[in-house]
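See below for the structure under consideration.
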Amino acid sequence: MEPMGKVLAINPEKCTGCRLCELVCSVYHDGVSNAARSRIKIIKWESEGRYIPTSCQQCQDAPCKIVCPVKAISRDEKLSRVMVDHNKCIGCRSCVAVCPFGAMGFNVIDHKNFKCDLCDGDPQCVRFCDMKAVDYVDADRMNLPKKRAAAERITAAQREAAALMSESH
Amino acid sequence: MALNRKIAIIDLTTGKIDIKPIPLDIRKKFIGGRGLDAYLLYNHTKKGCDPLGPDNTLMVSGGILTATLASATSRCHVMAKSPLGGMLGSANGGGFFTPELAWAGFHHLVFKGKAEKPVYVYVHNGKIEIRDAKNIWGKSVTDTQWAIREELQDEDVKSLVIGPAGEKMVRMANVMTGIKNSAGRTGMGAVMGSKNLKAIAARGTMDIKIAHPKEALEFNKRFIDQITSAKVNQTQGTLGTPFIWGATNSWGGIRTRNFQYNQMLYADEIEPEAIDENCLETMGPYHMAGCFGCQVHCRAKYKIATGPYAGTYDEGPEYTSQGGLSSEPDIPSLENLLVCNHLVDQWGVDNLEIGSVISWAFELYELGILTKKETDGLELKWGDAEVFQEVLRRVCFREGWLGNTLAEGGVIASEIIGKNSFDYLIQVKGVSNLHSDERATPGLALNIATASRGSDHLRSRPAIDLYHLPVDVLRKIYSSPVPYDGPLSSEHTEYIGKPWQVFWHENCYMGVDCLGICKYHTTFLGATLPNFEDWSKVLYYNTGLEMSPKDIWDVAERSNMMERLFNLREGLTRNDLKKGDMLNHRYFDEPTRRGAVDAVGKVIDREKFTKMVDEFYQYKGLDENGVPKPETLKRLGLEKEPSHLL
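Going line by line, the protein sequences match chains A and B. If you're matching positions, the first sequence starts at 1 in our numbering and goes up one per residue. If you're matching positions, the second sequence starts at 1001 in our numbering and goes up one per residue.
In structure tokens, the structure reads:
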């Protein structure tokens, strides 16, 4: 089996809450500016300064795919994404209801559901985010920054311990 | 598309709402935002109207590029006759309100009359509703916003609100959205309060068609690279606007003890690095917040670590908070700065104006012009944080003689206080200067003297003057989109060439204000940032409107003249200290006492200053009294104003 493709890696710590990702997402996909059409959305706790980008996780066992009564949702393994076939879709919104991340949207202007398609491999949210709060990385590398951060904590502790040891001698 | 965003004229007295399109020929003449607001103000107010009466008209607008792919298009413009000096009132803030307003179908809202009882206005997908504000009246800036969301049951509602200071018509009250974003200057919050208008809430899901989406995306990417590659923005995006604090202070450009010194001692205490070290860090290594679509993200997030406000979250403190709340009253205390920054944000008052006016009162107390009798027992001593915070509270809530008097703003307060108190007030056109000291920088002094909204840096300041750029670089910037072959000087202490620079920046800043873009994305603090040439393209890709760089320059010149016409109608005369293009005598008579070699011992030379104003007037097409010549009005197409086309 071919190795899995890239995934969106979200690092909320870096997000400045500017929502440019929402804007470029709607312009790229629909040719219009409208945050309500964006596949990515920044959820905010403004009074704490907390901003969390949310988008489709492109699940392996995607609940939207499982629940779809007409099999309009499928996985595209090449780009590691979950896709909707609007020729089959009947607009029942079961996928919207079942998605645990709220990542499946429903557009009241076009009466269609919509979700992140990773812009066919060149996600515009990533391209435009100067902080790289949203990044596009190989799935098996996604946890690397966290590994490194954890390792750094351990080395810091080790150094401290070493310093204490040398002091006591 | 952006061009089909509408204008609504809302009569709060009768409840009548008139919604109409903005005709294309008006767009081409004023573009939108501040330019169109200036047209509306001149056409919808009568000479001499009471700024806090029902006859004043309040404009709230986005720029033509609001919510499009032009980067940092969040700017919200608020205009009315100012209750501070009775001249042009105009304020500009960021955040997320105007994109929401544009998605809700509107670019311009015009408020007339006065509601019988407190109301707020809800704009939602093409509809406008005037709602009872009894449940939100009295609330702070942020509580108001959260209460509106609660009431409308929609967490995506964005509101532009006033705090308690605006409700009480404190004349330096501002208009705010989010935690920190403020349309701060010229007392627009007091005008909202006078109309019983507590807030404007917006929520929209309407498409704004982008004329050329592919090109807009690609151009925007280039635009962003240009913006993020500028060192000034990288620094600002890490430290916030206080990044210029240390340099400006050590050089000697910071007003301290009102206007006694041009440098603050112990200024390291309030440096952004100190803020980073001392604040409770809950946001990790990245602690900046951005306005809509902006890569500069200049707002720092902080939590106060010590004192009675420990644990309180806010954003900033920006450069102007450092000045108005620290250097002018000479309080080198980080906790005081963070607390006061929070208080002005919560009560809804302009940090520059209130800091400046309170510091003026401190000086009057030192001189014996104010005594304990007038201060209701307070000892107004430099550096006393507790007293400063107490006066701040009294002004915002109009408590006692002192609070009530200062709440009227400097000019009216000086008339109440009497004696020679006015001589010490650092203001132009009724609006206090920010905390910068311009005695060593003639170009900057010309800027604040002639700025349409009074003493302010964001109208025409040639800030890059301080970088000592080579003349050929200056020549490249300042001879486009209109030719200029006059003198230019790299020296910031010089007088030559400055009038043209101020004229150029006046048009540049009007340009961004019409488009709805932030000034950090143009030739303000960075010499390499976009201006007319780039705007022409970005306007075309997003809206389809074809305007050359020169066309945009013309719009800016016309809009600036519109503001001048308003000021002239309200009594602007060249050398009038309260309504003219004139500086306080201290700029000419009191030499600076601190700072670098080229900043110490400086005054503005009165004769050279007069010549600068003369030259500036020539560029603007004004006669020696500052009145536009008939041919100038004809050239700009303003000879028939007020024309009442909208």
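For glycine and all other residues, C-beta sits at the position ideal for the given N, C-alpha and C.
**Q.** Beta-carbon neighbours of Gly174 (chain A), restricted to chain B and to distances below 8 Å
**A.** Summary: the structure shown does not reach residue 174 (chain A), with chain A confined to residues 1 through 169, and so no result is reported for it.
Q.
Just to check my reading of the structure: Asn1262 (chain B) and Glu1363 (chain B) have Cβ atoms closer than 8 Å, yes? What is that Cβ distance to the nearest angstrom?
A. Numbered from 1 along the second sequence, position 262 holds the residue referred to as residue 1262 (chain B). Numbered from 1 along the second sequence, position 363 holds the residue referred to as residue 1363 (chain B). 15 Å between Cβ atoms; not a contact.
(Q) Please return the same chain residues whose Cβ sits closer than 7 Å to the Cβ of Pro123 (chain A), not counting the five positions on each side in sequence. (A) Within the first sequence, the letter at position 123 stands for residue 123 (chain A). The answer, listed in chain order, is Leu8, Tyr136.
Q: Would you please verify whether the beta carbon of Ala1216 (chain B) is less than 8 Å from any beta carbon of chain A?
A: Numbered from 1 along the second sequence, position 216 holds the residue referred to as residue 1216 (chain B). Yes, contact with chain A.
Q.
If the criterion is Cβ atoms closer than 8 Å, does the pair Asn1092 (chain B) and Asp1513 (chain B) meet it?
A. Within the second sequence, residue 1092 (chain B) is the residue found at index 92, counting from 1. Within the second sequence, residue 1513 (chain B) is the residue found at index 513, counting from 1. Taking 8 Å as the Cβ cut-off, Asn1092 (chain B) and Asp1513 (chain B) qualify as a contacting pair.
Q: Verify whether the separation of the beta carbon atoms of Tyr1587 (chain B) and Phe1219 (chain B) is less than 8 Å.
A: Locating residue 1587 (chain B) in the second sequence gives position 587, counting from the first residue. Locating residue 1219 (chain B) in the second sequence gives position 219, counting from the first residue. Contact: no.
Q: Thinking Ile1354 (chain B) and Val1344 (chain B) are a contact (beta carbons under 8 Å), I'd like their distance in whole angstroms, please.
A: Taking the second sequence and counting its residues from 1, one reaches residue 1354 (chain B) at position 354. Taking the second sequence and counting its residues from 1, one reaches residue 1344 (chain B) at position 344. So it is a contact: roughly 7 Å between Cβ atoms.
Q: May I have the straight-line CA-CA distance separating Asp1330 (chain B) from Arg1439 (chain B), to the nearest angstrom?
A: Indexing the second sequence from 1 puts residue 1330 (chain B) at position 330. Indexing the second sequence from 1 puts residue 1439 (chain B) at position 439. Approximately 19 Å between the Cα atoms of the pair.
**Q.** Simplified DSSP state of Lys1293 (chain B), which is helix, strand or coil
**A.** Within the second sequence, the letter at position 293 stands for residue 1293 (chain B). Reading off the sequence, residue 1293 (chain B) comes out as Gly, not Lys. Gly1293 (chain B): coil per DSSP, three-state reduction.
Q) Which chain A residues sit within Cβ distance under 7 Å of Ala1067 (chain B)? A) Here the question's residue 1067 (chain B) lines up with position 67 in the second sequence. Neighbours of Ala1067 (chain B) on chain A, chain order: Ser33.
Q: Pull up the CB-CB distance for Met1172 (chain B) and Asp1025 (chain B), whole angstroms please, since I reckon it's below 8 Å.
A: On the second sequence, position 172 is the one that residue 1172 (chain B) refers to. On the second sequence, position 25 is the one that residue 1025 (chain B) refers to. Actually they do not touch by this definition, with Cβ atoms about 37 Å apart.
Q. Is any beta-carbon of chain B found at less than 8 Å from that of Val24 (chain A)?
A. Locating residue 24 (chain A) in the first sequence gives position 24, where the first residue counts as 1. So, interface residue.
Q: Give the secondary structure of Asp1154 (chain B) by DSSP, where H, G and I count as helix, E and B as strand, and everything else as coil.
A: The count along the second sequence starts at 1 and reaches residue 1154 (chain B) at position 154. In the three-state scheme derived from DSSP, where H, G and I count as helix and E and B as strand, Asp1154 (chain B) is classed as coil.
Q: Determine the extent of the beta strand (DSSP E) in which Arg1131 (chain B) is found, giving its start and end residues.
A: The residue labelled residue 1131 (chain B) in the question sits at position 131 within the second sequence. Taken as a continuous stretch (DSSP letters only), the beta strand (DSSP E) holding Arg1131 (chain B) covers 1127-1132.
Q.
Tell me whether the region 1016-1036 of chain B and the region 1490-1508 of chain B touch, counting them as touching only if at least three CB pairs, one residue from each stretch, are closer than 8 Å.
A. no
Q | Cys1508 (chain B) - containing alpha helix (DSSP H), residue span | A | Looking up residue 1508 (chain B) in the second sequence gives position 508. It spans 1498-1515 - the alpha helix (DSSP H) in which Cys1508 (chain B) sits, taken as one unbroken run.
Q | Within chain E, partners of Gln1295 (chain B) - CB distance below 7 Å | A | Note that chain E does not occur in the displayed structure, where the protein chains are A and B.
Q) Taking 8 Å as the CB-CB cut-off, is Cys125 (chain A) touching chain B? A) Numbered from its first residue, the first sequence carries residue 125 (chain A) at position 125. Taking Cβ atoms only, chain B never reaches closer than 8 Å to Cys125 (chain A), which makes this a no.
**Q.** CB contact flag (Val1123 (chain B), Phe1106 (chain B), <8 Å)
**A.** As a working note, residue 1123 (chain B) is residue 123 in the second sequence. As a working note, residue 1106 (chain B) is residue 106 in the second sequence. Yes; because the gap between Cβ atoms is below 8 Å, this pair is in contact.
Q) Is there at least one Cβ from chain B nearer than 8 Å to Tyr28 (chain A)'s Cβ? A) Translated into the one-based positions of the first sequence, residue 28 (chain A) becomes position 28. So, interface residue.
**Q.** Complete runs of the alpha helix (DSSP H) confined to the region 1410-1458 of chain B [at least 4 residues]
**A.** 1410-1417, 1442-1450
Q) Which residues of chain B have a Cβ atom closer than 9 Å to the Cβ of Leu118 (chain A), listed in chain order? A) Taking the first residue of the first sequence as 1, we reach residue 118 (chain A) at position 118. The premise fails here: Leu118 (chain A) is roughly 16 Å from chain B at the closest Cβ pair, so nothing lies under 9 Å.
Q) Who are the near neighbours of Ile1496 (chain B) in its chain, counting only those whose CB is closer than 6 Å to its CB and skipping five residues on each side? A) Within the second sequence, the letter at position 496 stands for residue 1496 (chain B). Answer for Ile1496 (chain B): Pro1487, Ser1489, listed in chain order.
Q: Would you tell me roughly how many angstroms separate the C-alpha atoms of Arg1459 (chain B) and Pro1628 (chain B), rounded to the nearest one?
A: Against the second sequence, residue 1459 (chain B) aligns to sequence position 459. Against the second sequence, residue 1628 (chain B) aligns to sequence position 628. Using only the alpha carbons, I get a separation of about 19 Å.
Q: Would you please verify whether the beta carbon of Ile1179 (chain B) is less than 8 Å from any beta carbon of chain A?
A: Here residue 1179 (chain B) refers to the residue found at position 179 of the second sequence. Cβ-Cβ to chain A under 8 Å: yes for Ile1179 (chain B).
(Q) If you reduce the DSSP assignment to three classes, tell me which class Glu1315 (chain B) lands in. (A) Start at 1 with the first residue of the second sequence, and residue 1315 (chain B) comes out as number 315. Looking at Glu1315 (chain B) - three-state DSSP - the assignment turns out to be strand.
Q. Are the beta-carbon atoms of Ser1432 (chain B) and Gly1410 (chain B) separated by less than 8 Å?
A. On the second sequence, residue 1432 (chain B) is found 432 positions in, with the first residue counted as 1. On the second sequence, residue 1410 (chain B) is found 410 positions in, with the first residue counted as 1. Their beta carbons are under 8 Å apart, which means Ser1432 (chain B) touches Gly1410 (chain B) by this criterion.
Q: Just the C-alpha distance for Asp1581 (chain B) and Leu1474 (chain B), rounded to the nearest angstrom, thanks.
A: For the purposes of this step, residue 1581 (chain B) is taken as residue 581 along the second sequence, with counting starting at 1. For the purposes of this step, residue 1474 (chain B) is taken as residue 474 along the second sequence, with counting starting at 1. Their Cα atoms are separated by approximately 26 Å.
Q) Does the beta carbon of Thr1205 (chain B) come closer than 8 Å to any beta carbon on chain A? A) Taking the first residue of the second sequence as position 1, residue 1205 (chain B) is located at position 205. It does: the Cβ of Thr1205 (chain B) has a partner Cβ on chain A nearer than 8 Å.
Q. Using a C-beta to C-beta distance shorter than 9 Å, which residues of chain A count as neighbours of Met1561 (chain B)?
A. Translated into positions along the second sequence, residue 1561 (chain B) becomes position 561. Per Cβ cutoff of 9 Å: no residues; Met1561 (chain B) is ~32 Å from chain A at best.
Q. Is the CB of Ala36 (chain A) under 8 Å away from at least one CB in chain B?
A. For the purposes of this step, residue 36 (chain A) is identified with residue 36 of the first sequence, where counting begins at 1. Closer than 8 Å: yes.
Q.
For Lys1028 (chain B), report the span of its alpha helix (DSSP H) as first-last.
A. The residue you call residue 1028 (chain B) lines up with position 28 of the second sequence. DSSP places Lys1028 (chain B) in the uninterrupted alpha helix (DSSP H) bounded by 1024-1030.
Q. Are the region 1195-1211 of chain B and the region 1242-1254 of chain B touching, with three or more C-beta to C-beta distances below 8 Å?
A. no
Q: Report the neighbours of Gly988 (chain B) on chain A: residues whose CB is nearer than 8 Å to its CB, in chain order.
A: This structure gives no information on residue 988 (chain B), because the portion of chain B shown stretches from 1001 to 1646.
Q: Report the rounded CA-to-CA distance for Pro1462 (chain B) versus Met83 (chain A), giving the unit in angstroms.
A: For this step, residue 1462 (chain B) is matched to residue 462 along the second sequence. For this step, residue 83 (chain A) is matched to residue 83 along the first sequence. Cα to Cα, the separation comes out at about 53 Å.
Q. Taking 8 Å as the CB-CB cut-off, is Met1 (chain A) touching chain B?
A. Reading the first sequence from its first residue, position 1 is the one you call residue 1 (chain A). At Met1 (chain A), the pLDDT of 49 sits below 50, so the modelled position is not reliable and the matter cannot be decided from this model.
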